[in-house]
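A.B. asks: Supplied in structure tokens, the structure appears directly below.
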Amino acid sequence: NEYKSYLSMNAEQDLIRKFCDKLEIGKKVCQLTEQYYKQLQSSFHGRTPHPQLTHPQVKMCICIELACRQYRHQIQKQHLLKLAGISQKQYKTCFGVVETLLKLKENITIQQLAVQFSCSSYTEKALQVHEFYSKKQNLRQQEMGHDPINFSLSVYKCAALVAASKLKKGKINQKKFCSTFSFTMVQLDGIVKDMMSFADEMEVEEQKMTIAQSIEARALALAQEKEREEKEADLLWQYYPGGPLLSVYNEKYLSWRAKMMEIVNS
Numbered sequence: 038n039e040y041k042s043y044l045s046m047n048a049e050q051d052l053i054r055k056f057c058d059k060l061e062i063g064k065k066v067c068q069l070t071e072q073y074y075k076q077l078q079s080s081f082h083g084r085t086p087h088p089q090l091t092h093p094q095v096k097m098c099i100c101i102e103l104a105c106r107q108y109r110h111q112i113q114k115q116h117l118l119k120l121a122g123i124s125q126k127q128y129k130t131c132f133g134v135v136e137t138l139l140k141l142k143e144n145i146t147i148q149q150l151a152v153q154f155s156c157s158s159y160t161e162k163a164l165q166v167h168e169f170y171s172k173k174q175n176l177r178q179q180e181m182g183h184d185p186i187n188f189s190l191s192v193y194k195c196a197a198l199v200a201a202s203k204l205k206k207g208k209i210n211q212k213k214f215c216s217t218f219s220f221t222m223v224q225l226d227g228i229v230k231d232m233m234s235f236a237d238e239m240e241v242e243e244q245k246m247t248i249a250q251s252i253e254a255r256a257l258a259l260a261q262e263k264e265r266e267e268k269e270a271d272l273l274w275q276y277y278p279g280g281p282l283l284s285v286y287n288e289k290y291l292s293w294r295a296k297m298m299e300i301v302n303s
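Under our numbering, the first residue of the sequence shown carries the number 38, and numbering increases by one thereafter.
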């Protein structure tokens, strides 16, 4: 039985490599695919959670997509569907099952990560980095005619926290991120480096935003001040001798109002 299992695993490994060659996928992604496939096989415990997951090629294609996602390798979904031999709806269902079994489902927030890894002081900056980077990169993807990248993945959120710590001249234990979420230091460092390349641009944008907010706040304060003065002027106008008969504020009234305001504010 062990010999048959060994032969079976070797055959499946060969098929994974053939699929990767067809899809023009590199060695690192292929190795991660093999790793995911082995983990998936051992997670079934003799029971298949979905009928379509009895087919090796379906599991392989899903593992390939997950590995590509981790390494940010672009892949055409229609090629995977063709190799898997199932409908898009079936594939999507199976993908969710495999993602859960391999504990690769992404639903953790940057705030939760910061608390979990005791680096809450970097939360605000990490959120800014993550938002700016994802917006810029997906704009680039759109210009190139590619599908948007899923920046909800934990590797991007962890990278944002690391980048934030670097921008604030601090340190984070990156190895804990890697061991917890099963991505490599090379992957994490690559994304952090990419995020840091946007640091200067992000700082300029932040300065522009700060200036714009300051101008907006000043304009609002001036508008409120003007509104207050107009209300006071309207109130005093009623008490100015002959005021209600005047169509406009004349110099005599303005002089009188200034004296009244001095008295009010003294």
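Just so it is clear, CB atoms sit at the ideal spot from N, CA and C, and this is done for glycine as well.
Bear in mind that the values here come from a model prediction, so they are computed numbers and not experimental data.
Are the Cβ atoms of histidine 11 and cysteine 131 separated by less than 8 Å?
C.D. replies: The chain is shown from 38 up to 303; residue 11 falls before or after that span and cannot be answered.
A.B. asks: Cα separation between glutamine 113 and isoleucine 101?
C.D. replies: Approximately 11 Å, taken between the alpha carbons.
A.B. asks: With DSSP collapsed to three states, give me the class of histidine 18.
C.D. replies: Lying outside 38 to 303, the shown extent of the chain, residue 18 is not represented and no answer is given.
A.B. asks: Note down the Cα distance separating arginine 106 from glutamate 161, rounded to an integer number of angstroms.
C.D. replies: Spanning the two alpha carbons is a distance of roughly 26 Å.
A.B. asks: Quick check: what's the CA-CA separation for alanine 256 versus serine 124?
C.D. replies: Roughly 57 Å between the two C-alpha positions.
A.B. asks: Return yes when the Cβ of isoleucine 145 is within less than 8 Å of the Cβ of serine 202, no when it is not.
C.D. replies: In this structure, isoleucine 145 does not lie closer than 8 Å to serine 202 by Cβ.
A.B. asks: Using a threshold of 8 Å, state whether the C-beta atoms of tyrosine 170 and methionine 232 are closer than that.
C.D. replies: Yes, these two residues count as a Cβ contact at 8 Å.
A.B. asks: Since phenylalanine 218 is in the alpha helix (DSSP H), which residue starts that stretch and which ends it?
C.D. replies: Unbroken alpha helix (DSSP H) run through phenylalanine 218: 211-218.
A.B. asks: CB lysine 208 to CB leucine 150, shorter than 8 Å?
C.D. replies: Not in contact: lysine 208 and leucine 150 (Cβ atoms no closer than 8 Å).
A.B. asks: In chain order, what residues of the same chain lie with their CB nearer than 8 Å to the CB of glutamate 49, ignoring the 5 residues before and after it?
C.D. replies: Hits under 8 Å: Tyr74, Pro93 and Met97.
A.B. asks: Check whether the Cβ atoms of glutamate 71 and isoleucine 99 sit closer than 8 Å, and answer yes or no.
C.D. replies: No, these two residues do not count as a Cβ contact at 8 Å.
A.B. asks: In this structure, does DSSP put phenylalanine 81 in helix, strand or coil?
C.D. replies: In the structure shown, phenylalanine 81 sits in coil (DSSP, three-state: anything other than H, G, I, E or B).
A.B. asks: What's the C-alpha gap between leucine 225 and leucine 138?
C.D. replies: Going by the C-alpha atoms only, they are around 23 Å apart.
A.B. asks: Let me confirm a value: alanine 249 is counted as buried when at least 16 other C-beta atoms fall within 10 Å, else exposed. Which label applies?
C.D. replies: With fewer than 16 Cβ atoms within 10 Å of its Cβ, alanine 249 is classed as exposed.
A.B. asks: When the distance is taken between beta carbons, is leucine 69 closer than 8 Å to alanine 121?
C.D. replies: In this structure, leucine 69 does not lie closer than 8 Å to alanine 121 by Cβ.
A.B. asks: So, with DSSP's three-state summary, where would you put glutamine 111?
C.D. replies: Looking at glutamine 111 - three-state DSSP - the assignment turns out to be coil, as it is neither helix nor strand.
A.B. asks: Where do the N-terminal and C-terminal ends of the alpha helix (DSSP H) with isoleucine 147 fall, by residue?
C.D. replies: That run of the alpha helix (DSSP H) goes 147-153.
A.B. asks: How about valine 223 and alanine 196: do their beta carbons lie closer than 8 Å?
C.D. replies: Against a cut-off of 8 Å, the Cβ pair of alanine 196 and valine 223 comes out as no contact.
A.B. asks: Using DSSP with H/G/I as helix, E/B as strand and the rest coil, what is leucine 138?
C.D. replies: In the structure shown, leucine 138 sits in a helix (DSSP, three-state: H, G or I).
A.B. asks: Can you list, in chain order, the residues of its chain whose CB lies under 7 Å from that of arginine 77, leaving out five sequence neighbours each side?
C.D. replies: It is worth fixing the name first, because residue 77 is leucine in this sequence and not arginine. Correct list, in chain order: Lys96, Cys100, Val135, Leu138 and Leu139.
A.B. asks: In terms of alpha-carbon separation, which member of Cys156, Arg265, Phe188 and Ile252 lies closest to phenylalanine 214?
C.D. replies: Out of Cys156, Arg265, Phe188 and Ile252, Cys156 has the C-alpha closest to the C-alpha of phenylalanine 214.
A.B. asks: Is it the case that the Cβ atoms of isoleucine 147 and histidine 110 are separated by a distance below 8 Å?
C.D. replies: Going by C-beta atoms, isoleucine 147 is not nearer than 8 Å to histidine 110.
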